[in-house]
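Chains as they are written, first to last, in my numbering: chain A, 85 to 553; chain B, 85 to 553.
Structure follows, in structure tokens:
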């Protein structure tokens, strides 16, 4: 395998070769570190590269595998961690100056699980400040750049994770999603991102943005790799009060089934509105693919998603303002001007408005469950708009970028973004598939069937081209 | 049995006699209705007396029992329902003019369970307006009066339920408790009131005051009767999103055990402060009784309960203002002036304050669980102050009345108030026993042991004396 092939190989391809000793975790890690030192100056996906400890972990993985102690498909796989997750002994900034010097003495639950599965933590990824935004234009650590076009943002807030995976600077990454932050950057960077159901993955050690909306999820280059990661991440953890005691199915096994007879719902009334034409064309084409695969695609009318978007945004504003209230009061200068204003605004909502937003949440949730009854997935563009130029945010885009994703943090349903084509200017587009509560397996199954029928050879950005001056 | 004996007999005494046919549910219901028509004009415990349907239910119970279809210990027992619970075909006012004409077409879950157990619904009890207050001085339906002294309030908000049970106008009653409303009126009226753990009893069909603080609980003249009622009320109900899927133990069986070796915690630092001397004397005496019964009584220091009280009160204010916002805007005149002001005040808190109160809740909850680890119960006065004269609320009492109870709605632990003596002026005092989450059985067990050792012949108010001019 060439260096590029190795860097872009899926975990599913790498795992048996790592298990057999054909590929060494040391070489794989070396390739990633070499690529990071070559390309990160441009892409700016990492805030911290854990070179020394990654090499140590790679050595340890190599020894363990040689000794016959192979731990499973993530053993020896370099994985990037959004800098929102606490990492023992490794600076964890939350993309903020407030936390610039924080070195946790514990691992977030998700990090712990990845480490226990043998994954190699290769670095902490850049992100939108405090995870509150969707472009990853970070004033403290510099903007993340989209590997498909470095003049463009990669989406956010997990923009560094998405860019690292898309640029072959990690095999996969950990992200978090409060309104868009796994799925929309995945869509913008042409990778796969999954937001599970609330309570499926422990949030212990993930710095909160808005506790009732926050989700932890995997980002990878293939649906199967996402399933592999979710298998490791999912499960009860008493340290997260929102985490649910619920059986974790075999997500990989689900991929074996075809989707003949699956029922896919489409609600053009809301989710296809205000979308860029290229995005609509790509998603409509993906619906035809799903039909060709034997799924039925049926129109439905969903409850008031505009209200879900508004109420969800209010909840994020209030919970974020609450979490950061003390820091905002004591050292406002540590926040970017823009975030400072946003957080202050969150302080102006009343308790009654917040409670009413939460009450609406329950009502809309029941209504949506009702109209989705019997369907396997709801399909739509992950983001109505593709990435745009850094520093030139078109009017209304801030709201548009989370328009189709935030409702599923508000009403927590599992949702995946899977690449479904490119705009005429060559920027990736994501198809979002939203499933029934705790049925991530079905979401993965539909996404996998689509991905297999759709992509043929995987497509990657030509970094040499985009990063040369 | 004399009429008075019958009216004051416990459910446990009545049940076998009803089962055997020795006592007829018709006679028992007649006695209650006769007493209601004699005494309710003074006590004002009922807003609605369901005379006709109660007689019908009594007839039906009598026939069923005669036919060998005895349903269990509540079969044929007249029970009063706080007018906060929806009752099919029976006006449900919530103690408010807003709901003065509301006739629900469904039963609240708790009412349904009591009916299914064969209980006879004898009437809907008066309460503090919208359950937001602790004296049951209702301007729309008149003040409830304390059967021990009709110049005094009975506590609240479930004041009508407490007064009905204390006055022998029902065998038991259903109450609700958001900060005090089952336990404090039980204490003021010399009966037993239990607030279970959040999620133990369905709140479906109970009009909310503050959804995250509201609890449904039984009120009765003995601990055993409370256990009997809880046995019927407890259990999962999918119609209440807060209701928990959790095994319901045999609460009656728990009463058989003695409390030798039980560990009772006491936190004098907070819960004995600001209490009237008579109250402290009675509760200290009850602690000696518990020690005599073989329990160990140990001092502990609890986390900041003043903060719990303040944050809990804020949460109630915001959630109540949210629930009643539309009515308050559209017909403010339907609210009492006092409640109107209170609800408007609730509108002024910020979302950040609300969220911070909820976050404090989790923190204090963890801290309290930590210090209560290994203890069977925490003992204290249910209310620092006994009932006071209607229309003459002493300064600070509004806050004092929920001082020791509201923290256990904020941090939801099961808690019972059991009579433990009288003030020098003859007003009842309640001992509160607070247990571990979902261990109502242990709370009942300790309360039962105490009650058996303490009271000897049950004490009842002399209604003839108090109600004659």
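Just so it is clear, CB atoms sit at the ideal spot from N, CA and C, and this is done for glycine as well.
Cβ separation of residue i and residue j, assumed to be a contact under 8 Å, to the nearest whole Å
i, j, result
"residue 339(A)", "residue 528(A)", "6 Å"
"residue 240(A)", "residue 201(A)", "Contact doesn't hold; Cβ gap of about 27 Å is too wide."
"residue 469(B)", "residue 363(B)", "7 Å"
"residue 393(A)", "residue 408(A)", "That belief does not hold up - the Cβ atoms of residue 393(A) and residue 408(A) are roughly 22 Å apart, past 8 Å."
"residue 350(B)", "residue 455(B)", "Their Cβ separation, rounded to whole angstroms, is 12 Å, which puts residue 350(B) and residue 455(B) out of contact at 8 Å."
"residue 501(B)", "residue 276(B)", "7 Å"
"residue 321(B)", "residue 288(B)", "6 Å"
"residue 512(B)", "residue 274(B)", "3 Å"
"residue 524(B)", "residue 198(B)", "Actually they are not in contact, since the Cβ atoms of residue 524(B) and residue 198(B) sit about 17 Å apart, beyond 8 Å."
Cβ of residue i within 7 Å of any chain A Cβ
i, result
"residue 454(B)", "no"
"residue 635(B)", "Nothing in the structure corresponds to residue 635(B), since chain B is present only between 85 and 553."
"residue 425(B)", "no"
"residue 296(B)", "no"
"residue 433(B)", "yes"
"residue 560(B)", "For chain B, the structure presents residues 85 to 553; residue 560(B) sits outside this window and is missing."
"residue 406(B)", "yes"
Test: residue i CB closer than 7 Å to a CB of chain B
i, result
"residue 463(A)", "no"
"residue 438(A)", "yes"
"residue 414(A)", "no"
"residue 397(A)", "no"
"residue 213(A)", "no"
"residue 403(A)", "yes"
With 16 other Cβ atoms within 10 Å as the buried cut-off, status of residue i
i, result
"residue 354(A)", "buried"
"residue 420(B)", "buried"
"residue 493(A)", "buried"
"residue 429(B)", "exposed"
"residue 361(B)", "exposed"
"residue 210(A)", "buried"
"residue 270(B)", "buried"
"residue 508(A)", "exposed"
Per-residue contacts from residue i into chain B (C-beta, under 8 Å)
i, result
"residue 457(A)", "Near residue 457(A) there are no residues of chain B at all, since even the closest Cβ is about 15 Å away, more than 8 Å."
Contact set between residue i and chain A, taken where Cβ atoms lie within less than 8 Å
i, result
"residue 409(B)", "436 and 440"
"residue 430(B)", "435 and 436"
"residue 483(B)", "The premise fails here: residue 483(B) is roughly 20 Å from chain A at the closest Cβ pair, so nothing lies under 8 Å."
"residue 487(B)", "None at all; the shortest Cβ gap to chain A is about 23 Å."
Beta-carbon neighbours of residue i, restricted to chain B and to distances below 7 Å
i, result
"residue 283(A)", "Chain B residues near residue 283(A): none, gap ~14 Å exceeds 7 Å."
"residue 330(A)", "Within chain B, no residue comes near residue 330(A); the closest Cβ sits about 12 Å away, beyond 7 Å."
"residue 267(A)", "Those within 7 Å of residue 267(A) in chain B number zero; the least Cβ separation is about 25 Å."
"residue 308(A)", "In chain order: nothing, as chain B lies at least about 34 Å away."
Chain-ordered chain A contacts of residue i [CB-CB under 9 Å]
i, result
"residue 446(B)", "325"
Contact with chain D by residue i, beta-carbon distance below 7 Å
i, result
"residue 406(B)", "In the displayed structure, chain D is absent; the protein chains listed are A and B."
Under 9 Å by beta carbon: chain B residues contacting residue i
i, result
"residue 352(A)", "In chain order: nothing, as chain B lies at least about 31 Å away."
Requested in this report: Output the residue ranges of the beta strand (DSSP E) runs that lie fully inside the region 177 to 253 of chain B and measure 3 residues or longer, sorted by chain position.
Outcome: Listed in chain order, the complete beta strand (DSSP E) runs (minimum 3 residues) inside the region 177 to 253 of chain B are 204 to 209.
Query - Sequence ranges, alpha helix (DSSP H) only - wholly within the region 254 to 315 of chain A, length at least 4 - result: As for any alpha helix (DSSP H) of minimum length 4 sitting wholly inside the region 254 to 315 of chain A, the runs are 267 to 273, ordered along the chain.
Query raised in the report: Can you list the alpha helix (DSSP H) stretches of 4 or more residues lying completely in the region 384 to 445 of chain B, in chain order?
Result: DSSP runs (the alpha helix (DSSP H)) wholly in the region 384 to 445 of chain B: 389 to 407, 409 to 414 and 421 to 430.
Requested in this report: Quick one: which unbroken alpha helix (DSSP H) runs of 4-plus residues sit fully inside the region 450 to 505 of chain A? Chain order, please.
Outcome: With a minimum length of 4 residues, the continuous alpha helix (DSSP H) runs that stay inside the region 450 to 505 of chain A are 481 to 484 and 491 to 494.
Report task. For the region 87 to 172 of chain A, list the alpha helix (DSSP H) runs that are entirely contained and at least 4 residues long, ordered along the chain. Result -> Counting only runs of at least 4 residues, the region 87 to 172 of chain A fully encloses the following alpha helix (DSSP H) elements, listed from N- to C-terminal order: 87 to 92, 95 to 104, 109 to 127 and 135 to 150.
Query raised in the report: Can you list, in chain order, the stretches of the alpha helix (DSSP H) that have 4 or more residues and sit fully within the region 507 to 547 of chain A?
Result: For the region 507 to 547 of chain A, whole alpha helix (DSSP H) runs of length 4 or above, ordered along the chain, are 524 to 538.
Report task. List in chain order: all unbroken alpha helix (DSSP H) runs of 4+ residues lying wholly within the region 329 to 360 of chain A. Result -> For the region 329 to 360 of chain A, whole alpha helix (DSSP H) runs of length 4 or above, ordered along the chain, are 335 to 339 and 352 to 355.
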